[in-house]
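Working notes for the structure below.
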Amino acid sequence: MTKVHLLGANRSYDRDIQTVSVNQIVVLEGYAGGSYVVYDVTRNQRGFTYHLVHTRNYDFNTSDLIRPLSEKFGIGIYYDSENPTFLDPLETAALLTKAKKKKAEEERKAKEERDEHERISKIGAARLHPLIPSDAKAVIIGELRVSECDSYTDYYDYRTERTVILGFSKHTRNLFAEMRKCAANFEGTSHLAEYNADFEHRENYSMGDGMYLGRNKYSGWTINKESIYSLEKFLERFAYTAGDEANICLKTPQTQTDTAEQPTASADLSALNLEIVEYSEKAIAVFGDTKPIKDVLKGLNGLFRANLTYNGERRAGWIYSKKQETKVRKALAMCIRV
75 MTKVHLLGAN RSYDRDIQTV SVNQIVVLEG YAGGSYVVYD VTRNQRGFTY
125 HLVHTRNYDF NTSDLIRPLS EKFGIGIYYD SENPTFLDPL ETAALLTKAK
175 KKKAEEERKA KEERDEHERI SKIGAARLHP LIPSDAKAVI IGELRVSECD
225 SYTDYYDYRT ERTVILGFSK HTRNLFAEMR KCAANFEGTS HLAEYNADFE
275 HRENYSMGDG MYLGRNKYSG WTINKESIYS LEKFLERFAY TAGDEANICL
325 KTPQTQTDTA EQPTASADLS ALNLEIVEYS EKAIAVFGDT KPIKDVLKGL
375 NGLFRANLTY NGERRAGWIY SKKQETKVRK ALAMCIRV
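Using this note's numbering, you'd call the opening residue of the sequence shown number 75 and step up by one each time.
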C-alpha cells in the first residue's frame with residue numbers, strides 16, 4: 075500500500091511516485107525548521123524513502139513523503155516544485171562527511187556515558203545489597219524535583235534531579251507518619267519531619283503521583299514509598315543512586331561508643347541559654363538564644379525554623395538529624411569553652 079491520505083490537508087499522495095532527487099534542497103516547516111539536502115533515495119514495497127542531512131547542524135533525517143510547497147499544510151517536509159534548488163554533488167558529499175563525523179562522536183560519547191553508568195551502578199549495587207533488611211517489603215525515598223512547567227502552553231511536569239534512600243519498611247502501606255520519621259534522616263527532607271497536613275498529598279487516581287509528602291508536586295523535595303517486588307529489580311532501580319554514598323541516608327543505630335563520646339554537659343548549655351531536645355524519633359532541635367552562634371549552627375548544616383512546635387508551643391529553633399547529635403553537642407561545648 076503506497077497511497078496515503080492526509081485528513082487535514084484533504085489530499086492523497088502516492089509514495090510510489092518519486093518527488094525529489096539526490097542533491098535537491100528541501101525544507102522542514104515547523105519545529106526547529108531548516109533546510110535539508112537529499113543524499114540518497116531508496117525504494118521498497120511501501121514506496122520511496124528520502125535520506126536527508128541538515129545543511130547547518132548536520133543531523134540525519136528520513137522521510138517517506140515530501141510534498142510541494144504549493145500544497146503546504148501543517149508541519150512537514152516540502153520541496154519547491156516551481157524553483158527547485160540543488161547542491162553540487164561535492165557539497166553534498168562534504169555535508170555527509172560532517173554528518174557522519176558528528177554522529178560517530180555522539181555515539182562515542184553515548185557509549186562512554188553508558189559505561190560510566192554501568193560502573194557506578196556496580197559500585198552502588200555492592201554497597202546497597204548488604205543494607206537491605208531481609209524482611210523489607212518497601213523502600214522510602216526522597217526525590218528532588220525540578221519544575222519543567224510552562225503555563226503559557228498549559229504544560230505541567232517535572233524531572234527528578236536527585237534521589238536519596240531514606241529507609242526500608244516491613245509493609246507496603248502508605249503511612250505519612252512513617253514517611254515523616256524517615257524525613258529526618260537527610261538534611262534536604264528534614265523540613266518534612268514535622269507534621270503539616272498541607273504536605274500530605276493523596277493522588278490515588280489515574281495519572282496521579284500516589285501518596286507523597288512535599289510542599290510542591292513539581293519542585294523541591296518529596297518523599298514517597300515504593301514496593302520491593304524482587305531484590306533484582308530493586309537493585310536495578312536504585313544501584314546507580316547508591317553509587318554515590320551520599321544518597322544513602324539510612325538511620326544508623328547509636329552505638330555505646332557514640333554515647334560515651336557525647337558531652338553530657340546539658341547544664342553547661344544554660345550558660346548560652348540553650349537546650350537540646352529530642353524533637354522527633356529522627357530529629358533533635360536546639361532552642362534558646364541561638365543568635366550569637368547562628369553561624370556555628372548553620373555550619374553544622376542545621377535548618378532554622380521560626381515556628382517549630384514543641385510541647386504544644388510554637389518556638390524558633392534549629393533542627394538536625396539525630397545522626398548529627400554528637401557533632402552538635404561537641405560544637406556547642408566548644409562554644410562554651412571559648
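Glycine is no exception: its CB is placed at the ideal position from the N, C-alpha and C atoms. Predicted model, so just to flag it, every value in this text is computed and none were measured.
Same chain only: Cβ atoms within 7 Å of residue i, ignoring 5 sequence neighbours per side
i      : result
Thr76  : Asp88, Arg89, Asp90, Arg120, Gly121
Gly82  : Phe147, Gly148
Ala405 : Val370, Leu374
Asn259 : Leu240, Gly241, Cys323, Leu324, Lys325, Lys356, Ser395
Pro163 : Asn97
Lys401 : Leu374
Asn381 : Arg388
Glu335 : Caution is warranted here: a pLDDT of 41 is assigned to Glu335, below 50, making its placement in the model unreliable, and no coordinate value can be reported.
Glu103 : Lys146, Ile149, Gly150, Tyr152
His79  : Ser86
Lys177 : Phe134
CB of residue i within 7 Å of CB of residue j, strictly
i      : j      : result
Leu169 : Val127 : yes
Phe361 : Glu352 : no
Ala316 : Leu202 : yes
Glu387 : Ile358 : no
Ser109 : Thr123 : no
Arg236 : Glu222 : no
Leu161 : Val115 : no
Whole-angstrom C-beta distance between residue j and residue i, which should lie under 8 Å
i      : j      : result
Ala212 : Ile302 : 6 Å
Ser137 : Glu261 : Incorrect: roughly 52 Å between the Cβ atoms, too far for contact.
Ala257 : Leu249 : At roughly 13 Å, the Cβ-Cβ gap does not stay under 8 Å, so Ala257 and Leu249 are not in contact.
Tyr279 : Tyr230 : Actually they do not touch by this definition, with Cβ atoms about 15 Å apart.
Tyr113 : Thr171 : About 11 Å separates the two Cβ atoms, so there is no contact after all.
Glu252 : Ile214 : 7 Å
First through last residue of the alpha helix (DSSP H) which encompasses residue i
i      : result
Tyr314 : 305-316
Met281 : Premise fails: Met281 is in no alpha helix (DSSP H) and is neither H nor E.
Arg182 : 163-202
Leu240 : Where Leu240 is concerned, there is no enclosing alpha helix (DSSP H), although the beta strand (DSSP E) it sits in stretches over 232-243.
Leu371 : 368-373
Member of the options whose CA lies at the smallest distance from the CA of residue i
i      : options                        : result
Ser155 : Ser195, Thr116, Gly104, Ser95  : Ser95
Asp283 : Tyr152, Gly241, Glu300         : Glu300
Lys174 : Lys368, Asp189, Asp133         : Asp133
Asn131 : Arg85, Asn290, Ala106          : Ala106
Ser208 : Leu305, Arg289, Gly391, Arg117 : Leu305
Met290 : Asn381, Arg379, Thr263, Lys365 : Here the sequence assigns Asn to residue 290, which means Met is not the residue at that position. Ranking Asn381, Arg379, Thr263, Lys365 by Cα distance to Asn290 puts Thr263 first.
Leu309 : Pro366, Glu192, Glu145, Glu274 : Glu192
Ser195 : Arg403, Arg311, Ala390, Ser354 : Arg311
Lys368 : Gly294, Gly391, Arg182         : Gly391
Val220 : Lys372, Asp318, His125, Gly294 : Gly294
Ile99  : Arg247, Tyr269, Ser354, His125 : His125
Residue i: CB within 6 Å of a non-hydrogen atom of the ligand ATP
i      : result
Ala257 : Absence of the ligand ATP from the depicted structure is noted, as is the absence of any ligand whatsoever, leaving it without description.
Residue i - containing beta strand (DSSP E), residue span
i      : result
Arg85  : 85-88
Val351 : 348-352
Leu102 : 99-103
Gly362 : 357-362
Asp114 : 109-118
Glu387 : 387-395
Arg219 : 212-221
Val94  : Careful: Val94 lies outside any beta strand (DSSP E) and carries neither H nor E.
Glu252 : It is not in any beta strand (DSSP E) - Glu252 instead sits in the alpha helix (DSSP H) that spans 250-257.
Lys77  : 77-80
Phe160 : No beta strand (DSSP E) holds Phe160; DSSP gives it neither H nor E.
Ala380 : 377-384
Thr296 : 294-301
Proximal residues to residue i (C-beta, below 8 Å), its chain only, five neighbours per side dropped
i      : result
Thr338 : Residue confidence for Thr338 is low, a pLDDT of 39 falling below 50, so the modelled location carries little weight; the figure read from the coordinates is stated next. Correct list: empty, nothing qualifies.
Asn385 : none
Ala210 : Phe242, Ser243, Lys244, Ile302
Asn321 : Arg236, Thr237, Val238, Ile239, Thr315
Pro142 : Thr93, Tyr152, Tyr153, Asp154, Ser155
Cβ-based neighbour list, residue i, same chain, cut-off 6 Å, excluding 5 preceding and 5 following
i      : result
Arg276 : Met285
Thr93  : Ile140
Arg254 : Ala267
Val412 : The predicted position of Val412 is uncertain, since its pLDDT is 39 and thus under 50; no value can be drawn from it.
Ala415 : Because the chain in this structure spans residues 75 to 412, residue 415 falls outside the shown range and cannot be described.
Gln328 : Only weak support exists for where Gln328 lies, its pLDDT of 40 falling under 50; the value from the coordinates is given anyway. Nothing listed; no residue qualifies.
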